[in-house]
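Take our numbering: the final residue in the sequence shown is number 273, and no numbers are missing along the way.
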Amino acid sequence: MTVDGETDDRTEDSAHDDRISPRELAIEWHPDALRPNFEWSVALPTDWAVLQTHPSLWQRQNERIVDDYYGGKRVAARVRRALLRSLEDAVAVTQKNRVLLTLIRPGVDAEGRIENVALNVMFTSSSPRLASMAPIRKALETKPGTTEELTTPSGNAYVVFVRTDEQQDGDTTRESVSVQAFYPLPSTTWTLVVGTTAPRPDLTEALRDMVIRLIASVSWGSDAVPTEPAPAADLPDAVSLVSYRVNNG
Numbered sequence: 025m026t027v028d029g030e031t032d033d034r035t036e037d038s039a040h041d042d043r044i045s046p047r048e049l050a051i052e053w054h055p056d057a058l059r060p061n062f063e064w065s066v067a068l069p070t071d072w073a074v075l076q077t078h079p080s081l082w083q084r085q086n087e088r089i090v091d092d093y094y095g096g097k098r099v100a101a102r103v104r105r106a107l108l109r110s111l112e113d114a115v116a117v118t119q120k121n122r123v124l125l126t127l128i129r130p131g132v133d134a135e136g137r138i139e140n141v142a143l144n145v146m147f148t149s150s151s152p153r154l155a156s157m158a159p160i161r162k163a164l165e166t167k168p169g170t171t172e173e174l175t176t177p178s179g180n181a182y183v184v185f186v187r188t189d190e191q192q193d194g195d196t197t198r199e200s201v202s203v204q205a206f207y208p209l210p211s212t213t214w215t216l217v218v219g220t221t222a223p224r225p226d227l228t229e230a231l232r233d234m235v236i237r238l239i240a241s242v243s244w245g246s247d248a249v250p251t252e253p254a255p256a257a258d259l260p261d262a263v264s265l266v267s268y269r270v271n272n273g
């Protein structure tokens, strides 16, 4: 996999697309993450932190993410623990759902509540059947939310699905938003799933724009026919990678 960098300083500014030369993403994949065996590339924001999920690397990376977020500033111990715990929860969910890549924008609001924004990239395989729109339409037809069928600049069809949920936040609930895209890669058995979640519904349009731009940037080579059948996987439901609860302990 290669990645094209995007230099968007803020989530709200995600409509601006400043591209740089493709580069290899320096990450060691979790051994259980599903991925195609051909070369593919995608444009990702460069100022988001990569969440490592490899068993030997994730804990050290989480501590680095928190240190970078605070930049040496003093922070309440309970808030630091809560942010680390939210990243640990995200790693666990990522591993369980065999997500290939998760990017995180860490955040803590003025009240000490976690406001992480997560962007996850994963693949599902329909092997031996070619990927298509039909199972995506069927999987989403009964789910609450808004479904759009769009096309990439090259004319390939994909689906964007937006929904809001109530998440537990201490003794209260908090509204969150999830934006997902399902892109069956033509002439392959693979469907790319891109999803982002945030505890701020006001970011819905910005997150939707970012997901659409990411899908539009996807490309793959002429060797995109798997040499061996990949294990079939069900179309995933929304993968929530954000933890909102801040414990006082």
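All C-beta atoms, glycine included, are put in the ideal place defined by N, C-alpha and C.
Which partner residues of residue i appear in the DSSP bridge assignment?
i    : result
R129 : V141
R198 : Q191
L216 : F147, Y207
V117 : Beta-bridge pairing links V117 to no other residue.
F185 : T171, Q204
V74  : L127
Would you mind stating whether residue i and residue j have Cβ atoms separated by less than 7 Å?
i    : j    : result
T171 : A240 : no
F62  : G179 : no
F147 : L58  : yes
V123 : N144 : yes
S18  : P210 : One cannot answer for residue 18 here, as it falls past the ends of the chain, which runs 25 to 273.
P225 : V201 : yes
A222 : V141 : yes
W82  : S149 : no
V115 : T77  : yes
Out of the options, state which residue places its alpha-carbon closest to the alpha-carbon of residue i.
i    : options                : result
G219 : A230, L209, A205       : A205
R187 : T215, T228, A158       : T228
R161 : R232, L154, S150, E173 : E173
P130 : N86, K120, I236, L216  : N86
Q119 : I128, W53, V203        : W53
L154 : D133, D92, R98, T212   : T212
A134 : V103, Y182, T197, R237 : V103
L216 : V183, V115, P55, R105  : V183
G136 : T70, T77, G95, A101    : A101
P60  : S151, T166, T196, S80  : S151
Excluding five sequence neighbours on each side, which residues of the same chain lie with their C-beta closer than 7 Å to the C-beta of residue i?
i    : result
L107 : V90, P130, V132, I138
So, for residue i: in the same chain, excluding its five sequence neighbours on each side, which residues have a beta-carbon less than 6 Å away from its beta-carbon?
i    : result
A73  : I89, I128
V203 : V186, T220, L231, R232, V235
Is there a C-beta anywhere in chain D that falls below 7 Å from the one on residue i?
i   : result
L68 : Reference to chain D is not applicable here, since this structure consists of a single protein chain.
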